[in-house]
Every structure is written in structure tokens, then in C-alpha cells.
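Undergrad: Just dropping this structure here.
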Amino acid sequence: MNKCSIRLFAYGGQGMKMALQKIVAPVLGEIGYFTQAFPFFGGERRGAVVSGYLRFSTDKITTHSFITEPDISISFDERIPFDAVTAGLPAGKFLLLNTALPARYAQAAMDRKVYTLNAKDISVSHGIAKPEDPFPLINSAMAGAFFKLFEYITGRTVPDELTRRIFEGALPVKTDENFLAFSDAKRLVQPLAASETPGEYPVSLFRVTQPNGLCTKCRLCYIFCSKRAISLTDSEVHIINEAKCNLCGVCIKLCPRNAISFETSEREDTR
Numbered sequence: 002m003n004k005c006s007i008r009l010f011a012y013g014g015q016g017m018k019m020a021l022q023k024i025v026a027p028v029l030g031e032i033g034y035f036t037q038a039f040p041f042f043g044g045e046r047r048g049a050v051v052s053g054y055l056r057f058s059t060d061k062i063t064t065h066s067f068i069t070e071p072d073i074s075i076s077f078d079e080r081i082p083f084d085a086v087t088a089g090l091p092a093g094k095f096l097l098l099n100t101a102l103p104a105r106y107a108q109a110a111m112d113r114k115v116y117t118l119n120a121k122d123i124s125v126s127h128g129i130a131k132p133e134d135p136f137p138l139i140n141s142a143m144a145g146a147f148f149k150l151f152e153y154i155t156g157r158t159v160p161d162e163l164t165r166r167i168f169e170g171a172l173p174v175k176t177d178e179n180f181l182a183f184s185d186a187k188r189l190v191q192p193l194a195a196s197e198t199p200g201e202y203p204v205s206l207f208r209v210t211q212p213n214g215l216c217t218k219c220r221l222c223y224i225f226c227s228k229r230a231i232s233l234t235d236s237e238v239h240i241i242n243e244a245k246c247n248l249c250g251v252c253i254k255l256c257p258r259n260a261i262s263f264e265t266s267e268r269e270d271t272r
């Protein structure tokens, strides 16, 4: 393959921009490709859906636009609407999905080549992400999975020595852990067998708890909530509107009494 276009989706805080611009594009550049890599996001950061675009080619790249018909579409999180992930993706092209339940996507493999991995578990196992974080840092694992696809598609091998050197420059903190996550993901990502009948599976849902009795009504959560999801009653009780909350976690980090926290619940879902 002389050229390829990739579209990525993630939530702010999952490391998509780092994976795109500091790991994947530099490695491709080192092995002789022209590259173009850019993220797209607004004023929000953590918890907001962000996208990214990558082109690589053996020839100079003159196109400068969003990618609407990618060769590969990558999703860092299965909560991102699947219709958005697959929009414009032609039949026979590639999907790379981070999921703990790959069988949910078996139907998508009927007309596309679907690869899956549990990037969160890999990152947690190496101390990069925390299991309770709704937006785990999975950039290294997703980069490793991408390069597995790259090697399959192009027939080229990316030397471990090269990726290790890129990691040392891009991630000087926890370099070993991130490189191991990259290597594990490259080994563990798997193609998904097609099936006409997807199953029903429990899906973990995150929410922010309402402030408990430890709350001192300091208003820090109210002042710094970017989504205006926290309101005050006449008696100064803090109420979190779940419909507005984007789970950015700012209120949890700022609360001096740990009166707010994340919790998870499960529901059945069919993909």
C-alpha cells in the first residue's frame, strides 16, 4: 500500500492526540513515509469526543482536509456512537476497536475487516491507567494495535528499536510501561470473525455521584463545571444533572472533602 488514510475517535483524556502526533506519525516518518497528522477538538478537553486524522504515503501529501472515507477507522471507546465510527468507511476496509466485548461487533465484520483489543485492561495492567477512570489513558496500547494492522496491510515490519526510541522521546515518564503496553497490544489485537447475529452484553456505565454528607458547600465544583451540570438549591444543596455531565472528573479532583466520586452500573446492550 503506497498511501493510507486513517480516522480516529476518542474521548479527551484517552491520549489520542499523543498517539497520533507523538508516536504513530513519527514512527511512520522514520521508516520513510510522508505523513500528515492532526487532531480536531473544540474548547473542551477531558470527557468530550475528539477526532483525529492521519495520512501516510510514499509520495508527498498535497491534500489538506478532513478524512471522510478512510481506509482505517479507529475507536478508542465503545461509548462513541458506532454510526459515527463507521460513517463513510467503505466495504472491505478496516475497523480497529477498543472493547472488552468484541462479539458485539461481529455483525460489522460481515462487510469490513474488524480488529479488536481490550486496550484499557492492557494499560491498567502496566500501571498507565486506573480501572475506575471513565476515560483511561490508552494511547500506547492503541498505537501498538495500529502498527499490527499497518504491518498486515503493508507487509512491512516496524523495528522494536525504533519504536522504543520514539517512546523515550515522547513519553520520558513510564517509558518502560508504555513500551510494554504497546508491545502487548501489538501481540493481542485480533481479527474478529463475522456473524449475522450480535449478542446482548452488559455495558459498564459511569456516573458522578451526588455530593454526600461530607460536602461543605464550598462551591468549587459548581464554579469550575464546564458543562454547567451542577446547580444549587435555595438551601445550597448541590445537584448534578446527569444529562449535562460529560464525566470530565474536574469536580471530583477539586473537591477538598472527597464528597463526589465516580460509580459504575451495568445495562444490557445490543450492538
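In this text, residue positions in the sequence shown follow the working numbering: the first is 2, and each later residue adds one.
Every residue, glycine too, gets a C-beta built ideally from N, C-alpha and C.
All values reported here derive from a predicted model rather than from experimental measurement.
Would you mind giving the Cβ-Cβ distance between I123 and I73, rounded to the nearest angstrom? I have them listed as a contact below 8 Å.
TA: The residue given as residue 123 occupies position 122 in the sequence shown. The residue given as residue 73 occupies position 72 in the sequence shown. No, I123 and I73 are not in contact; Cβ-Cβ is about 20 Å, not under 8 Å.
Undergrad: Out of L9, R220 and C219, state which residue places its alpha-carbon closest to the alpha-carbon of I75.
TA: By 1-based counting over the sequence shown, the position of residue 75 is 74. Closest by alpha carbon: L9.
Undergrad: According to the Cβ coordinates, are T210 and S262 closer than 8 Å?
TA: As a first step, residue 210 must be located in the sequence shown, where it is residue number 209. As a first step, residue 262 must be located in the sequence shown, where it is residue number 261. Going by C-beta atoms, T210 is nearer than 8 Å to S262.
Undergrad: Among P40, R47 and F95, which has the Cα closest to the Cα of K254?
TA: Residue 254 sits at position 253 when you count from the first residue of the sequence shown. Ranking P40, R47 and F95 by Cα distance to K254 puts R47 first.
Undergrad: Considering only their Cβ atoms, is the gap separating A110 from A195 smaller than 8 Å?
TA: Along the sequence shown, read from residue 1 onward, the residue named residue 195 stands at position 194. Along the sequence shown, read from residue 1 onward, the residue named residue 110 stands at position 109. Yes. Within cutoff.
Undergrad: Given a threshold of 16 other Cβ atoms within 10 Å of its Cβ, counted over all protein chains shown, does A120 qualify as buried or as exposed?
TA: Residue numbering aside, residue 120 sits at position 119 when the sequence shown is read from its first letter. Classification of A120: buried, given that the 10 Å Cβ count is 16 or more.
Undergrad: By how many angstroms is the C-alpha of K23 removed from the C-alpha of A171?
TA: Locating residue 171 in the sequence shown gives position 170, counting from the first residue. Locating residue 23 in the sequence shown gives position 22, counting from the first residue. If I take the Cα positions, the gap works out to 6 Å.
Undergrad: Cβ of K245 within 8 Å of Cβ of R229?
TA: The sequence position of residue 245 within the sequence shown is 244, counting from 1. The sequence position of residue 229 within the sequence shown is 228, counting from 1. Taking 8 Å as the Cβ cut-off, K245 and R229 qualify as a contacting pair.
Undergrad: Excluding the five sequence neighbours on either side, which residues of its own chain have a C-beta within less than 7 Å of the C-beta of H127, listed in chain order?
TA: The residue given as residue 127 occupies position 126 in the sequence shown. Excluding sequence neighbours, H127 sits near E178, L181 and A182.
Undergrad: Output yes or no for whether 8 Å exceeds the beta carbon distance between M19 and N140.
TA: On the sequence shown, residue 19 is found 18 positions in, with the first residue counted as 1. On the sequence shown, residue 140 is found 139 positions in, with the first residue counted as 1. A contact, by the Cβ cut-off of 8 Å.
Undergrad: Are the CB atoms of L215 and Y223 nearer to each other than 8 Å?
TA: Here residue 215 is taken as the residue at index 214 of the sequence shown, counted from 1. Here residue 223 is taken as the residue at index 222 of the sequence shown, counted from 1. Contact: no.
Undergrad: Is K187 closer than 8 Å to F148 when the C-beta atoms are compared?
TA: Locating residue 148 in the sequence shown gives position 147, counting from the first residue. Locating residue 187 in the sequence shown gives position 186, counting from the first residue. Closer than 8 Å, so yes.
Undergrad: Mapping the DSSP letters down to three states, classify Y202 as helix, strand or coil.
TA: What you label residue 202 is simply residue 201 of the sequence shown in a count that begins at 1. Only weak support is given to the placement of Y202: the predicted model assigns it a pLDDT of 47, under 50, and the value that follows is read from those uncertain coordinates. Here Y202 sits in strand by DSSP.
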